[in-house]
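**Q** Just so you know, our numbering puts 200 at position 131 of the sequence shown, and the rest follows in order with no gaps.
Just so you know, even glycine gets a beta-carbon here, dropped at the ideal spot from N, CA and C.
Bear in mind that the values here come from a model prediction, so they are computed numbers and not experimental data.
Sharing a structure with you now.
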Amino acid sequence: MNAAAKKKRAAAKQTELVFGLGATGMSVARYLKRKGLAARFVDTREEPPGVAELGELDPNAEIILGEMSDKLLKNVSRIIVSPGVSDAEPLLEAARKAGIEIVSDIELFVQDADAPLVAVTGSNGKSTVTTLLSMMCEASGVNGLAGANLGEPALDLLEHETPDFYILELSSFQLQRTATLPLKVAVLLNISPDHLDWHASEEEYRDAKYRILKEAESVVVNRDDDEAQNGLANDVTCVTFALDNPDEGQFGLADDDGEVFLARGDQLLLAISDIAMVGAHNQANALAALAAGELMGLQLSSMLQVLHEFPGLPHRMQHVARINGADFINDSKATNVGAAVAAVASVPGLVVLIAGGQGKGADFDKFAKTVCSKIRSAILFGEDAAEIEDAFDGLAPTAKVADLHEAVKSAAGIAEAGDTVLLAPACASFDQYPNYQARGDDFRNAVMELAT
70 MNAAAKKKRA
80 AAKQTELVFG
90 LGATGMSVAR
100 YLKRKGLAAR
110 FVDTREEPPG
120 VAELGELDPN
130 AEIILGEMSD
140 KLLKNVSRII
150 VSPGVSDAEP
160 LLEAARKAGI
170 EIVSDIELFV
180 QDADAPLVAV
190 TGSNGKSTVT
200 TLLSMMCEAS
210 GVNGLAGANL
220 GEPALDLLEH
230 ETPDFYILEL
240 SSFQLQRTAT
250 LPLKVAVLLN
260 ISPDHLDWHA
270 SEEEYRDAKY
280 RILKEAESVV
290 VNRDDDEAQN
300 GLANDVTCVT
310 FALDNPDEGQ
320 FGLADDDGEV
330 FLARGDQLLL
340 AISDIAMVGA
350 HNQANALAAL
360 AAGELMGLQL
370 SSMLQVLHEF
380 PGLPHRMQHV
390 ARINGADFIN
400 DSKATNVGAA
410 VAAVASVPGL
420 VVLIAGGQGK
430 GADFDKFAKT
440 VCSKIRSAIL
450 FGEDAAEIED
460 AFDGLAPTAK
470 VADLHEAVKS
480 AAGIAEAGDT
490 VLLAPACASF
500 DQYPNYQARG
510 DDFRNAVMEL
520 AT
């Protein structure tokens, strides 16, 4: 066999390696199946979700679970990695040394997407803004298909009829591994330190978030973020938002005779008292969605109607009950310090804070100093409760408890009329719950037990 024939034969044996099963891994499996591409599936977990489904999809699929060897890279053309898999995984380090391409599912999606792309990222608020944009499209008679980090995985969106827009919620993990991202509209909401157990540094995390702006035709950015605006090309259309008085063509808040409105320049749009969502951070989310919707050409009246009606997503500043004059609010989605700070700041009066879980390398000292003036007491539970307790030492009263039900009972005994008992964990949930939704449901159940 001559050299050319050997090279051709070797190329024919090339395979994709899919690292990580679960929702994203299975969407990649379905995509590769549609394309007729051979794949090898690996996961460090012995029993990851999706194994049974993968066996039904492709009974002959090569699946390797648990401990891995560099031999798995033999004849691999590229690696498609699920968002939760760390770049520090030895197999990925070996792949980089071998010059093997490592991509996200978003990289594959972009290659096949035939509609304009709108993408939303930020440390906090991206699910709410993505959902708002999808609803605003529907209200305007436009087909906006939403997914990626929220709802349907991006590659599964390709199985639907081609929409007018694809609206993608993107995590820093996905952005870091996506080389090509030509967006119609990019929305960068905010950046606060997060996922420092995954990213090598805060700078790497920030760089991943800023990746969303690099190839966009138009961008929506928080004007409090100078770095985001300074890095934009001169020919990019940029619309800003913030909770201050906006310049012409920009979005913000304006006061009219003592009443505060969402505004575009000097145009008053909607009184904040008429927004169904709770909290100042949701006012920022509403402004960002309006700015993005304008760039998408959506009807202003339809967008405002959505803001008037949409109460917000579950586990995001969700009012559960009022007991003895104190409001109990579920913000289980506040899985990082920035989100928890925003939650505390958004409610009136004093807060009995329920926090704890897996801290992901967060700076709890800064957290405690930022919120302590509003805290009547902090009730702490979970893996990093002791670390948070140390941060609040000398700043606010604390109590460390075993679990969330005990935290709710303790908080109810401390709260006074007019206070807010706020679940804003500032941590991931995986020490005690499968996800933040289960944690929020447990909080709601505990509160309702008290209420009855």
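Is it a yes or a no for the segment 401-408 touching the segment 501-508, going by three-plus beta-carbon pairs under 8 Å?
**A** With the cut-off at 8 Å, the segment 401-408 and the segment 501-508 touch.
**Q** Identify whether Gln506 lies in helix, strand or coil by the three-state DSSP scheme.
**A** Correct three-state label for Gln506: helix.
**Q** Can you tell me whether DSSP reads Glu238 as helix, strand or coil?
**A** The answer is strand: DSSP assigns Glu238 an E or B state.
**Q** In the DSSP output, what is Lys469 paired with across the bridge?
**A** Answer is Leu449.
**Q** How is the beta strand (DSSP E) around Leu161 delimited, first residue to last?
**A** Per DSSP, Leu161 belongs to no beta strand (DSSP E); it is in the alpha helix (DSSP H), 159-166.
**Q** Put Leu258 into one of helix, strand or coil per three-state DSSP.
**A** Coil.
**Q** Let me check understanding here. Comparing Cα to Cα, which of Val389, Leu282, Phe433 lies closest to Asp304?
**A** Nearest of Val389, Leu282, Phe433 to Asp304, Cα basis: Leu282.
**Q** Which residue or residues does DSSP assign as beta-bridge partners of Arg147?
**A** Note: Arg147 sits in a beta bridge opposite Glu85, Glu170.
**Q** Please state the DSSP three-state secondary structure of Ala520.
**A** It is helical.
**Q** Who are the Cβ neighbours of Asp225 in its own chain at under 6 Å, not counting the five residues just before and after it?
**A** Ser96, listed in sequence order.
**Q** What first and last residue would you give for the beta strand (DSSP E) that runs through Arg109?
**A** Per DSSP, Arg109 belongs to the beta strand (DSSP E) from 108-112.
**Q** Assuming contact is defined by CB atoms lying nearer than 8 Å, are Phe110 and Ala98 in contact in what I supplied?
**A** Contact: yes.
**Q** Runs of 4 residues minimum, wholly inside the segment 192-249: which ones carry the alpha helix (DSSP H) assignment?
**A** Counting only runs of 4 or more, we get 195-208, 223-226, 241-245.
**Q** Of the choices Ala184, Pro185, Leu142, whose alpha-carbon is the least far from that of Lys166?
**A** Lys166 has its Cα closest to that of Leu142, out of Ala184, Pro185, Leu142.
**Q** DSSP three-state label for Glu485, please.
**A** In the structure shown, Glu485 sits in coil (DSSP, three-state: anything other than H, G, I, E or B).
**Q** Nearest by alpha-carbon distance to Arg508: which of Val477, Met346, Leu473 is it?
**A** Of Val477, Met346, Leu473, the residue nearest in Cα terms is Leu473.
**Q** DSSP puts His388 in a beta bridge; with which residues?
**A** Note: His388 sits in a beta bridge opposite Ile398.
**Q** Give me, in chain order, the residues of the same chain whose beta-carbon lies closer than 7 Å to that of Pro159; leave out the 5 immediate sequence neighbours on both sides.
**A** Hits under 7 Å: none found.
**Q** So, for Arg513: in the same chain, excluding its five sequence neighbours on each side, which residues have a beta-carbon less than 7 Å away from its beta-carbon?
**A** Taken in chain order, the residues that qualify are Val389, Asn399.
**Q** Name the residue from Glu238, Ala353, Phe242 whose alpha carbon lies nearest to the alpha carbon of Val150.
**A** Val150 has its Cα closest to that of Phe242, out of Glu238, Ala353, Phe242.
**Q** So which of Lys104, Ala493, Ser155 has the shortest CA-CA distance to Val421?
**A** The candidate whose alpha carbon is nearest that of Val421 is Ala493.
**Q** What do you get for Asn193, buried or exposed, if any count of 16 or more other CB atoms within 10 angstroms of its CB means buried?
**A** The residue in question, Asn193, is buried, as its Cβ has 16 or more Cβ neighbours within 10 Å.
**Q** Are the CB atoms of Lys253 and Glu230 within a distance shorter than 8 Å?
**A** No, the pair does not count as a contact, with Cβ atoms beyond the cut-off.
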